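Only one structure is covered here, and it is reproduced in the block below.
In the working numbering, the protein residues as written are 9 to 298.
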């Protein structure tokens, strides 16, 4: 639900029809009914954030739920319809975002109070080693589940993993996904997508596993790949680093061999990655069946 791709809007403040918004925090809107986006009951709406495809909105009479809608133009309206199709096909899974209702305006999700993984880490949030390896395993399991339904997520990264109140990892944001082999609407985040643009655009299974490796890195390391390249203008440098073989150093990381194998194409499926994690000493230390 927090897509971060090449087409995402950036900066700390954005405006819609001259109404200022504060991203990733409280809303400041003088006249919310003037926002040029279609969603119900604008007067009572609390806009939580803008994403690359639309708005995340709360209503006082739907406590614990968030409405995700789309910007009023064809690419993003199409992306919203893709996401609706994905959730209808996938149904429920313990590590998928929980859908409360799908409407003409968008999708109502059950709110995950701890937010997305990246923002959680950047805000000083911590996780135990036991939690981290479980999150990695559960992420691989849910990605395998998605793939088994002939869907490719196309944008696996820490912005699209939520942390539930019970501290489980939850996969979200399928607005750019590929269904039944059709090209993805969006291109994944640099540092996560495969450096071969054609493989990433599909996205192919190779690209999905590559992104999964970077996602495992982010979970274990507690920061995104290539944090030294922070500005939009520097994003292109990340792909150049990967194309030159300069991947992040994993020497001292838990699950380092698995991360590297995801990057170099040693795994054929997310299920294989999950199995490798389950067979690792660190996973068995905390989660082996007694």
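Note that CB positions come from ideal geometry on N, CA and C, so glycine has one too. None of the values given here were measured: they were computed from a predicted structure.
Give the straight-line distance between the Cα atoms of residue i and residue j, rounded to the nearest whole angstrom.
i, j, result
"residue 256", "residue 268", "10 Å"
"residue 186", "residue 47", "26 Å"
"residue 91", "residue 234", "29 Å"
"residue 117", "residue 103", "14 Å"
"residue 159", "residue 192", "10 Å"
"residue 86", "residue 209", "17 Å"
"residue 162", "residue 70", "30 Å"
"residue 286", "residue 81", "44 Å"
"residue 278", "residue 79", "32 Å"
"residue 83", "residue 294", "44 Å"
"residue 292", "residue 283", "12 Å"
"residue 106", "residue 246", "33 Å"
"residue 137", "residue 262", "9 Å"
"residue 170", "residue 140", "13 Å"
"residue 274", "residue 281", "10 Å"
"residue 6", "residue 175", "The chain is shown only over 9 to 298; residue 6 falls outside these bounds and no answer can be derived."
"residue 97", "residue 203", "30 Å"
"residue 212", "residue 76", "27 Å"
"residue 52", "residue 182", "27 Å"
"residue 122", "residue 172", "6 Å"
"residue 222", "residue 93", "27 Å"
"residue 317", "residue 236", "The question about residue 317 has no answer here: the residues shown for the chain are numbered 9 through 298."
"residue 62", "residue 252", "35 Å"
Would residue i be called buried (16 or more neighbouring beta carbons within 10 Å of its own) or exposed?
i, result
"residue 57", "buried"
"residue 146", "buried"
"residue 142", "buried"
"residue 272", "exposed"
"residue 259", "exposed"
"residue 248", "exposed"
"residue 149", "buried"
"residue 119", "buried"
"residue 254", "exposed"
"residue 157", "exposed"
"residue 111", "exposed"
"residue 132", "exposed"
"residue 265", "exposed"
"residue 205", "exposed"
"residue 124", "buried"
"residue 189", "exposed"
"residue 99", "exposed"
"residue 184", "buried"
Under the three-state reduction of DSSP, which class applies to residue i: helix, strand or coil?
i, result
"residue 129", "helix"
"residue 120", "coil"
"residue 190", "coil"
"residue 150", "helix"
"residue 251", "helix"
"residue 55", "strand"
"residue 6", "In this structure the chain extends from 9 to 298, so residue 6 is not present and cannot be described."
"residue 310", "This structure gives no information on residue 310, because the portion of the chain shown stretches from 9 to 298."
"residue 78", "coil"
"residue 87", "helix"
"residue 197", "coil"
"residue 135", "coil"
Counting along the chain, where does the alpha helix (DSSP H) carrying residue i start and finish?
i, result
"residue 292", "289-295"
"residue 258", "Unbroken run through residue 258: none, as it is neither H nor E."
"residue 263", "Here residue 263 belongs to no alpha helix (DSSP H), and DSSP marks it neither H nor E."
"residue 50", "Unbroken run through residue 50: none, as it is neither H nor E."
"residue 207", "205-209"
"residue 279", "278-286"
With residue i and residue j assumed to form a contact (beta carbons below 8 Å), what rounded beta-carbon distance in angstroms separates them?
i, j, result
"residue 197", "residue 165", "5 Å"
"residue 115", "residue 95", "7 Å"
"residue 232", "residue 215", "Incorrect: roughly 18 Å between the Cβ atoms, too far for contact."
"residue 144", "residue 227", "5 Å"
"residue 270", "residue 207", "Going by Cβ atoms, the distance from residue 270 to residue 207 rounds to 14 Å, so no, they are not a contact pair."
"residue 230", "residue 129", "5 Å"
Output the boundary residues of the beta strand (DSSP E) element that contains residue i.
i, result
"residue 66", "63-66"
"residue 183", "Where residue 183 is concerned, there is no enclosing beta strand (DSSP E), given that its DSSP letter is neither H nor E."
"residue 108", "107-110"
"residue 220", "Here residue 220 belongs to no beta strand (DSSP E); instead the alpha helix (DSSP H) covers 213-229."
"residue 170", "169-171"
"residue 179", "177-179"
I'd like to know whether the C-beta of residue i is nearer than 8 Å to at least one C-beta of chain D.
i, result
"residue 284", "Protein chain content of the structure displayed is limited to a single chain, and chain D is not contained in it."
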